[in-house]
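So the sequence shown is numbered by the working numbering: it starts at 4 and just counts up by one. The beta carbon of each residue, even a glycine, is placed where N, CA and C say it ideally should be.
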Amino acid sequence: MNGALAQYLTMFFALLGLGAVIRRVGWIADAHIHWLVPWIVRVPLSALVFSALAKSSVSPSLLGVWGVGLVSTLGALGLAWLLGHLLRLRPSTRAILMVGGTLGNTGFLGTPLIAALYEGDPQRIASAVTFDMGVTALVVHTLGLSLLAAAGAKGERTSLTEGLKRVASMPVFWATLLGYLTALLSIPIPQPVLFTLETLGQITVPLALIAIGAMIRWRALGNRWRALLLIVAYKCVATPLFTLGWLLLSGLPEGLARSVLLQSAMPTVMVSAVYAAYYQTDAELAASLVVVSVPVALALLPLWTSVPL
């Protein structure tokens, strides 16, 4: 592990710890977290995404990023389905394995972390954004939502239109479209505006990690340790390894491929726990997965940043 990555990892864990501490001493409450998390996604993350895309160049390689990301994600989801059947997991646990074990926190955590690790490389950030919006957001709000709803207590069905509307309602989705359009048409952005957006985007990582640290509830992990460890291992090891295999066959440029690999290795996407709670689909296991996968995924970052591509 190089010195720069070690510094970043130290900072990441320190900020997680800071979030846990300020929650413990009462400096931040649930009401603050419920306001802070959506604000981070709507404002600084959107600024980060737009400013990075505006400086990037739209190339056919980004289409390759989307294709490899989508194929590897759906493939990992299919393998999770097979594993769930082989292990005879109950339907709700199998749904958590498929969704929580495959889809990562690529927007709230992955894109900002990649922007921090590879500052000054807009193409890597563009690759991360492409994976987040074109793969994670699309799949979790459509197929992921459908799987969790069907495996829930009421066995509900959801429509594709409903999921696509959720994606279209996200400010970061429009920031992504505007960023791509700006880069594609080479629209000049005044330097003071770009500087302001970049500066605003820089607060995404520390705020996101502090918020995640404040949301961690170790006492709420429950007693589903066997299922929890299985799904964490699948999310943090099996899914990125499966993605790595596809990347080695894809021929994508190393920088873009690295972003795809790192995005696939991110901890479980937080909205999966929200959907699991709403549809009563093993909600305690889903929430525990979001908590435990964060430190595990961050601890494994040195592996995924150094593995040959």
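Reference residue i; option with closest CA among the options
i, options, result
"Ile99", "Ile25, Tyr278, Met14 and Arg261", "Tyr278"
"Ala290", "Ala119, Val235, Leu12 and Trp42", "Val235"
"Leu244", "Leu312, Tyr282 and Arg229", "Leu312"
"Ala230", "Asp285, Val132 and Val52", "Asp285"
"Val44", "Thr308, Val295 and Ile206", "Ile206"
"Leu292", "Leu304, Ile219, Gly258 and Val263", "Ile219"
"Thr202", "Val295, Leu39, Tyr11 and Val46", "Val46"
"Pro125", "Leu259, Pro195 and Arg160", "Leu259"
"Leu19", "Ala119, Val208, Val274 and Leu232", "Val208"
"Thr308", "Ala32, Leu232, Gly81 and Leu116", "Leu116"
"Glu257", "Ala171, Leu304 and Arg127", "Arg127"
"Asp135", "Leu303, Val52, Leu21 and Val28", "Val52"
Cβ separation of residue i and residue j, assumed to be a contact under 8 angstroms, to the nearest whole Å
i, j, result
"Gly204", "Ser54", "6 angstroms"
"Val138", "Trp69", "7 angstroms"
"Ala214", "Ile25", "Contact doesn't hold; Cβ gap of about 10 angstroms is too wide."
"Leu56", "Thr179", "7 angstroms"
"Gly110", "Val40", "That pair is no contact at about 11 angstroms."
"Pro270", "Leu112", "7 angstroms"
"Gly166", "Thr145", "4 angstroms"
"Gly216", "Ala23", "5 angstroms"
"Val272", "Gly123", "At roughly 27 angstroms, the Cβ-Cβ gap does not stay under 8 angstroms, so Val272 and Gly123 are not in contact."
"Ser253", "Ala131", "Contact flag wrong, Cβ pair sits at about 16 angstroms."
"Cys239", "Val294", "Cys239 to Val294, Cβ: 13 angstroms. No contact."
"Val102", "Ser275", "5 angstroms"
Rounded straight-line distance, which links the Cα of residue j to that of residue i
i, j, result
"Ala154", "Pro193", "50 angstroms"
"Leu65", "Ala129", "8 angstroms"
"Leu288", "Tyr183", "37 angstroms"
"Ala50", "Leu255", "27 angstroms"
"Ser62", "Leu187", "9 angstroms"
"Ala83", "Pro195", "47 angstroms"
"Ala156", "Ala280", "10 angstroms"
"Leu73", "Thr199", "33 angstroms"
"Ile190", "Lys168", "28 angstroms"
"Leu151", "Trp38", "25 angstroms"
"His1", "Arg97", "Nothing can be reported for residue 1: it is not among the residues displayed for the chain, which extend from 4 to 312."
"Met173", "Trp228", "34 angstroms"
Proximal residues to residue i (C-beta, below 7 angstroms), its chain only, five neighbours per side dropped
i, result
"Thr242", "Ala79, Gly104, Thr105 and Ser267"
"Phe15", "Leu212 and Leu301"
"Tyr237", "Ala83, Leu100 and Gly104"
"Arg160", "Ala152 and Ala153"
Residues of its chain near residue i, where Cβ-Cβ distance is below 6 angstroms and the 5 sequence neighbours each way are ignored
i, result
"Thr133", "Leu65, Val68 and Trp69"
"Ala140", "Val170"
"Lys58", "Pro125"
is_contact[residue i, chain D] using C-beta, thresh 7 angstroms
i, result
"Leu66", "Of the protein chains in the structure, only one exists, and it is not chain D."
Cβ shell of residue i (< 8 angstroms), same chain only, five flanking positions each side left out
i, result
"Leu264", "Pro243, Thr246, Leu247, Leu250, Trp307, Val310 and Leu312"
"Ala119", "Tyr11 and Val208"
Enclosing alpha helix (DSSP H) for residue i [first to last residue]
i, result
"Glu159", "First-last for Glu159: undefined, no H or E at that position."
"Thr109", "Segment: none, Thr109 is in no alpha helix (DSSP H) and carries neither H nor E."
"Ile43", "Asp33 to Arg45"
"Pro311", "Looking at the DSSP string, Pro311 is not in any alpha helix (DSSP H), and its letter there is neither H nor E."
"Gly258", "Glu257 to Ser267"
"Glu201", "Gln194 to Gly204"
"Gln126", "Pro125 to Phe134"
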